[in-house]
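Accompanying notes for the structure given below.
Numbering (the numbering used here), first residue to last: 703 to 1257.
Here it is, written out as structure tokens:
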């Protein structure tokens, strides 16, 4: 069978005569029984309709909690408000004919309250959630049906006939079903079955009440017909509501789907696109997906976006973000998938903790300079090295792994013609972030040493907790980069800055590129020879990450 599948695959590839797609699908299905060759279904969390994934299970639990809370508050509110009114009307409000329906009212209130309490606790299995959903709805409606039945047979003067009380129970059950349809989306078919099961006690109570009253037969038949008709209408309305919500959620999931990736939450946005947390349909691997929205998709933007992913994909240094996939949707949305970096940018790190220990700064700069060395070796200039584009994360059990991201402004000198270079420069005269802009970049001429200037400014920011220069506008900032001599880091921070680290940073910040390190590899070697190249041990980094993860989980 594997041979037949392989032959089918070769025919499909054009080696032999083509065969129908259905035959290929059947052959592959026999070889890979767990794999579907059809278009992958959109993974949607549909409450009780689909809870086999962790996302669906978590969604169902949160919606059941919402449903239970709503019904508990509404029913409890009716009980609290209605009791004083009944006391004012009925001289003996707690006589036996009265407190029996009140007990059923309280039970119908406590059941959804119990659903809320259970659902707000620890994670529950899908089976338990299904029981809470179906059992909770049916039991709640059953309690309200018994409340209406006992009230109808109580004979109290406040009741305008037995069938009037049944109308109150019907209204209560309808509100419960509507609350479920709104808060717990599922398929219309399932909603019909659940709603019908929840309405059966109401109809049974109505038949029982009719058999125990002395009303004319025609009156009984008319009341029962109304009860059945309104119960059916309630089922139809809730099914329609579920259909609308189901369809909207499915459409939303379809919109959020890019190829094999489903977008989950927005992580950030920059000049070259929007980054989302995503999940692969088959691998279930957390991924970051960067998309270029159609409104930004000019020809130049598309070329730059494609250049970013193509050039980044050629880099293999551990401190360069890994690219997984690249594609374009039928709607024309460009995207690429990369590893999800669950960590902290250097910008946020300094905002959170202030100036960093010299040993840690050297550890970070060595990694980034290594990534830049590989890029420079193949003719790539990043041109936007800054704290926000360097992320600290954990990889393979190793803490403080630096990752360089956002190659959207990268320039390839080895293949660019003079005309192309002039066009790119003309369209982006000042490229990069002004705080980390090299003097020569202001004039439009950059090379690998421009990245080293920016990295020196990043090191300055890390060790002092302050930017290299402060200015009121971009023009003033550019003037500082062109003419102002940087203040030594040791004079802008209270912590001790090693002399060799200060010399390395200031050399990177030289105005003339010829006075800087001539390559990222030379900078990396200088950092490795520093006396502070090893004082940031894994133990210290591990402790920091433990505290950081704990703070993240609390927020």
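Every residue, glycine too, gets a C-beta built ideally from N, C-alpha and C.
Fill in: Proximity below 9 Å, CB of residue 880 to CB of residue 936
yes
Practice prompt. Taking 8 Å as the threshold, find out whether the stretch 1135-1142 comes into contact with the stretch 1040-1051 through three or more Cβ pairs.
Written response: no
Worksheet entry | Contact belief for residue 802 with residue 852 at Cβ below 8 Å, rounded distance in angstroms | Between residue 802 and residue 852, the beta carbon gap of about 5 Å places them in contact (Cβ cut-off 8 Å).
Worksheet item: Per DSSP, what kind of secondary structure is residue 1251 in: helix, strand or coil?
Response: In the structure shown, residue 1251 sits in a helix (DSSP, three-state: H, G or I).
Worksheet item: By how many angstroms is the C-alpha of residue 855 removed from the C-alpha of residue 916?
Response: 11 Å
Discussion item. Among 1009, 896, 1013 and 1029, whose alpha-carbon lies nearest the alpha-carbon of residue 991?
Written reply: 1029
Worksheet item: What do you get for residue 811, buried or exposed, if any count of 16 or more other CB atoms within 10 angstroms of its CB means buried?
Response: buried
Worksheet item: Can you tell me whether DSSP reads residue 1196 as helix, strand or coil?
Response: coil
Worksheet item: Is the distance from the Cβ of residue 1069 to the Cβ of residue 1104 below 9 Å?
Response: Cβ distance < 9 Å, so residue 1069 and residue 1104 count as in contact.
Fill in: Where residue 1253 falls, given that 16 or more other Cβ within 10 Å makes a residue buried
Residue 1253 is exposed by the Cβ-count criterion.
Practice prompt. Tell me whether residue 977 is buried or exposed, calling it buried when 16 or more other Cβ atoms sit within 10 Å of its Cβ.
Written response: buried
Discussion item. I need the straight-line Cα distance from residue 1209 to residue 1216, nearest angstrom please.
Written reply: The straight-line gap from Cα to Cα measures roughly 10 Å.
Worksheet item: Who are the near neighbours of residue 1025 in its chain, counting only those whose CB is closer than 7 Å to its CB and skipping five residues on each side?
Response: Around residue 1025: 1011, 1014, 1015, 1038 and 1040.
Worksheet item: residue 988 bridges to which residues according to DSSP?
Response: 981
Worksheet item: What is the DSSP secondary structure of residue 1246, reduced to helix, strand or coil?
Response: helix
Discussion item. Report the start-end ranges of each beta strand (DSSP E) in the stretch 1028-1113 that is 3 residues or longer and not cut off at the edges.
Written reply: If only complete runs of 3 or more residues are kept, the stretch 1028-1113 shows the beta strand (DSSP E) at 1036-1041, 1092-1097 and 1100-1106, in order along the chain.
Fill in: residue 895, enclosing alpha helix (DSSP H) - first and last residue
890-914
Discussion item. Can you tell me where the alpha helix (DSSP H) holding residue 1011 begins and where it ends?
Written reply: Counted as a single uninterrupted DSSP element, the alpha helix (DSSP H) harbouring residue 1011 occupies residues 1001-1015.
Fill in: For residue 761 and residue 816, the rounded distance between their alpha carbons
18 Å
Discussion item. Following a CB-centred definition, is residue 1251 positioned closer than 8 Å to any heavy atom of the ligand GDP?
Written reply: Ligands in the displayed structure: none, and consequently the ligand GDP is not present.
Practice prompt. Work out the CA separation of residue 907 and residue 1250 for me, nearest whole Å.
Written response: 59 Å
Worksheet item: Should residue 1225 and residue 1067 be called a contact, given that it needs their Cβ atoms to be closer than 9 Å?
Response: yes
Item to complete: Output the distance between the C-alpha atoms of residue 1058 and residue 1161, rounded to the nearest integer angstrom.
Response: Pairing residue 1058 with residue 1161, the inter-Cα distance amounts to about 10 Å.
Item to complete: On a CA-only basis, which of 813, 846, 777 and 764 is nearest residue 823? Give me that one, please.
Response: When each option's Cα is compared against that of residue 823, the closest is 764.
Worksheet item: Just how far apart, CA to CA, sit residue 1075 and residue 1221?
Response: 7 Å
Practice prompt. Along the alpha helix (DSSP H) that carries residue 1155, what are the first and last residues, could you check?
Written response: First-last of the alpha helix (DSSP H) with residue 1155: 1150-1166.
Worksheet item: Straight-line CA distance for residue 1083 to residue 1166?
Response: So the two alpha carbons sit approximately 26 Å from each other.
Worksheet item: At what residues does the alpha helix (DSSP H) containing residue 886 begin and finish?
Response: Neither: residue 886 is in no alpha helix (DSSP H) and is coded neither H nor E.
Worksheet item: Any idea what DSSP makes of residue 966, helix, strand or coil?
Response: strand
Item to complete: Starting from residue 808, follow its DSSP beta bridges and name the residues at the other end.
Response: Paired residues: none, contrary to the question.
Discussion item. Taking 8 Å as the cut-off, does the stretch 1148-1156 touch the stretch 1194-1206 (at least 3 CB pairs, one atom from each stretch)?
Written reply: Because the criterion of three Cβ pairs below 8 Å is not met, the stretch 1194-1206 and the stretch 1148-1156 do not touch.
Item to complete: Decide if residue 1044 is buried, meaning its Cβ has at least 16 other Cβ atoms within 10 Å, or exposed.
Response: exposed
Worksheet item: Just how far apart, CA to CA, sit residue 847 and residue 825?
Response: 32 Å
Fill in: Paired residues, beta bridge with residue 994 - DSSP
1036
Worksheet entry | Limits of the alpha helix (DSSP H) - the one that residue 1023 falls within | Residue 1023 -> no alpha helix (DSSP H), and no H or E assigned at all.
Worksheet item: residue 927: buried (16+ other C-beta within 10 angstroms of its C-beta) or exposed?
Response: exposed
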